[in-house]
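Here's the structure we're looking at; comments come further down.
There are 2 protein chains.
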Amino acid sequence: MPRTLTAEEIEDFRDRLTDAATRLFAEKGRDAVSMRELAGELGVSPMTPYRYFKDKDEILAAVCIRAFDRFSDALETARANATGSAMERSSAVGNAYIAFAFANPHAYRLMFDMAWGQEHKYPDVKRATDRARKTMTAHLTPLIKQGVLIGDPQLIGHAYWALLHGAIELKLAGKLTAEQDFDAIITDALTALTRGYSPKD
Amino acid sequence: MPRTLTAEEIEDFRDRLTDAATRLFAEKGRDAVSMRELAGELGVSPMTPYRYFKDKDEILAAVCIRAFDRFSDALETARANATGSAMERSSAVGNAYIAFAFANPHAYRLMFDMAWGQEHKYPDVKRATDRARKTMTAHLTPLIKQGVLIGDPQLIGHAYWALLHGAIELKLAGKLTAEQDFDAIITDALTALTRGYSPKD
DNA sequence: GCGTCAAAATATACGTTGTAAATTTATAAT
DNA sequence: ATTATAAATTTACAACGTATATTTTGACGC
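Sequence lines, in order, name chains S and Z. Using this note's numbering, the first residue of the first sequence is number 563, and each one after it goes up by one. Using this note's numbering, the first residue of the second sequence is number 563, and each one after it goes up by one.
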């Protein structure tokens, strides 16, 4: 009988390949990295990755999931380390969101490019997304409980999410010029949105 | 002496090819349409488009510019046809924005995918973007003049832009589930943002 | 009208891609 | 040691964008 790969060996290979893919995608973008280059990075022949991943998309999905998890980690850490009022701690989460996106633009883009209407193919992507969603909305509950913000936490969370995501995408896509400064826009818009969700006066 | 193409003939071919590309990209997405298929659509050999466009990216840029122009047209038409208060007419522009994005998801994505940090290569893309930017902010000026909204029109315009764009991208990327309904989110968020930019009570 | 010359169009070809299929290598059980 | 087979590699293929080579075409001087 031949040697068979253990679950740990499989997991280890997948991890190493996902790490390499994450690094290379971050440097050059998704389409600029070939399967051959990816395999070469691990010192194996071009077809070996296909024993561990169905195809390139599945590797992409793994990178996407990892990115979402690092993202969630970053937000949770930011919140855990933040001090001050509930509002200040929530701001720290927002800042961490922005910092992650600009520190990892390719990964950030991949997180929202994966699937495009076929996310059902990779349920783990959905799981990672849902974790991030919870992370992004959880910190709002205290604010609403305290009456600092008024409304449905889910709706408020997604409003902030959409605003941050949109501003970041505009910036990454080069749609904001020097005059349309990202920091000025996001500061102003976050202030307005927060004011809109605040109680009267 | 051989026959040489007139400026109109060149323009005509470019138009026809851009139209075909727009249609095919809309159906199948950018990467699913090959140069060979594109040429076949016009009944010419695979290399003929290269006499009229430098490469596939330049065709993409042309499609992107056309999309931005149709987009600007749609917003301007919506505003021109809208009746009621300045606020109601601005809402019509927002609705037209959303309608365009969901009616032309691939074109919409292409508008914000083009370039990614190398938009300087296609100055016409920037021109088309700037027209859209003006269209999106122009209708806010009356609102500010009337005191319905308070703030810098550029900043307010980009806040709405970011919010709409972000929510649309989240929806198109499949990040909003049934429970996280797009209409509920965008309605709530737009209301809050508008309230945030409104004078005190 | 006819050969001529260059623009326009096409045909061919190349390197690269993702990956299917065929082949080789390596190892656990007999 | 032989054998069976998982794992890895090699080979191969179709499709891609496009560079280069070739053919077609039509306006000009004669």
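We treat Cβ as the ideally placed atom computed from N, Cα and C, and that holds for glycine.
Neighbour flag for residue i against chain S, beta carbons, 9 Å
i	result
residue 718 of chain Z	yes
residue 670 of chain Z	no
residue 690 of chain Z	no
residue 759 of chain Z	yes
residue 554 of chain Z	Residue 554 of chain Z lies beyond the residue range present for chain Z, which begins at 563 and ends at 763; the question has no answer from this structure.
residue 714 of chain Z	yes
residue 753 of chain Z	yes
residue 632 of chain Z	no
residue 651 of chain Z	no
residue 696 of chain Z	no
residue 709 of chain Z	no
residue 656 of chain Z	no
residue 721 of chain Z	yes
Inter-residue CB distance, residue i and residue j (contact presumed, cutoff 8 Å)
i	j	result
residue 614 of chain S	residue 671 of chain S	Actually they do not touch by this definition, with Cβ atoms about 24 Å apart.
residue 758 of chain Z	residue 754 of chain S	3 Å
residue 570 of chain Z	residue 727 of chain S	44 Å between Cβ atoms; not a contact.
residue 705 of chain Z	residue 649 of chain Z	6 Å
residue 625 of chain Z	residue 583 of chain Z	5 Å
residue 596 of chain Z	residue 694 of chain Z	Actually they are not in contact, since the Cβ atoms of residue 596 of chain Z and residue 694 of chain Z sit about 29 Å apart, beyond 8 Å.
residue 776 of chain Z	residue 703 of chain Z	As displayed, chain Z neither begins before 563 nor continues past 763, which places residue 776 of chain Z out of reach and without an answer.
Residue i vs residue j beta-carbon contact at 9 Å
i	j	result
residue 628 of chain S	residue 580 of chain S	yes
residue 765 of chain Z	residue 601 of chain Z	No answer is possible for residue 765 of chain Z: it lies beyond the span of chain Z, which begins at 563 and ends at 763.
residue 691 of chain Z	residue 737 of chain S	yes
residue 698 of chain Z	residue 752 of chain Z	no
residue 761 of chain Z	residue 712 of chain Z	yes
residue 669 of chain S	residue 658 of chain S	no
residue 724 of chain S	residue 725 of chain Z	yes
residue 656 of chain S	residue 722 of chain S	yes
residue 653 of chain Z	residue 661 of chain Z	no
residue 735 of chain Z	residue 674 of chain S	yes
residue 619 of chain Z	residue 683 of chain Z	yes
residue 608 of chain S	residue 592 of chain S	no
residue 720 of chain Z	residue 651 of chain Z	no
Min CB distance residue i to chain Z below 9 Å
i	result
residue 726 of chain S	yes
residue 570 of chain S	no
residue 620 of chain S	no
residue 729 of chain S	yes
residue 745 of chain S	no
residue 741 of chain S	yes
residue 637 of chain S	no
residue 617 of chain S	no
residue 590 of chain S	no
residue 756 of chain S	yes
residue 686 of chain S	no
residue 732 of chain S	yes
residue 750 of chain S	yes
residue 573 of chain S	no
residue 601 of chain S	no
residue 738 of chain S	yes
residue 735 of chain S	yes
Proximity test, residue i beta-carbon vs the ligand GDP heavy atom, cut-off 8 Å
i	result
residue 618 of chain Z	Within the structure as shown, the ligand GDP is missing, as the structure has no ligands at all.
* Specify whether the stretch 735 to 747 of chain S and the stretch 742 to 752 of chain Z touch according to this definition: at least 3 beta carbon pairs, one from each stretch, less than 8 Å apart. => Put simply, the stretch 735 to 747 of chain S does not touch the stretch 742 to 752 of chain Z. Fewer than three CB pairs are less than 8 Å apart.
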